[in-house]
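One structure below.
Numbering (full-length UniProt numbering), first residue to last: 1 to 92.
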């Protein structure tokens, strides 16, 4: 199993879209500064939404798709929990 996920910066409200086989580990890495420069300078991050995929290849395809409409209505629907196959992250 793999995941495509959307994180939101607690620092400046920017979004990060990624894919992984271990969602919990990957979020910890983002918040510990392990990742690219965008991830490092815009953290800390909170999980907004995620989608389960059958394989990492499928997750990467979904990641590219979501990135292609990041500022459009489809993206807003995902982060607002309006797309059934995307799970809205629970707030702590």
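Backbone N, C-alpha and C define an ideal beta-carbon position, used for all residues, glycine too. Since the structure is predicted, the reported quantities are computational estimates derived from the model, not experimental observations.
Give the secondary structure of residue i by DSSP, where H, G and I count as helix, E and B as strand, and everything else as coil.
| i | result |
| --- | --- |
| residue 46 | strand |
| residue 19 | strand |
| residue 7 | strand |
| residue 74 | helix |
| residue 87 | strand |
| residue 67 | helix |
| residue 13 | coil |
| residue 58 | helix |
| residue 31 | helix |
| residue 82 | coil |
Who are the near neighbours of residue i in its chain, counting only those whose CB is closer than 6 angstroms to its CB and skipping five residues on each side?
| i | result |
| --- | --- |
| residue 92 | Low confidence applies here, because residue 92 scores a pLDDT of 39, under 50, leaving its location unreliable; read the following figure in that light. Cβ within range, chain order: n/a, list empty. |
| residue 66 | 17 |
Taking C-alpha atoms, which residue in the options lies nearest to residue i?
| i | options | result |
| --- | --- | --- |
| residue 110 | 80, 12, 77, 57 | Residue numbering for the chain in the displayed model covers 1 to 92; residue 110 lies beyond these limits and cannot be assessed. |
| residue 1 | 59, 72, 9 | 59 |
Here's a check: name, in chain order, each residue in its chain whose Cβ is nearer than 8 angstroms to the Cβ of residue i, leaving out the five neighbours to either side.
| i | result |
| --- | --- |
| residue 89 | 46, 47, 48, 49, 50 |
| residue 29 | 35 |
| residue 85 | 51 |
| residue 62 | 4, 19, 51, 53 |
Tell me, please, which residues DSSP counts as bridged to residue i.
| i | result |
| --- | --- |
| residue 52 | 3 |
Enumerate in chain order the residues of its own chain whose CB-to-CB distance from residue i is below 7 angstroms, with the five nearest sequence positions on each side excluded.
| i | result |
| --- | --- |
| residue 83 | 77 |
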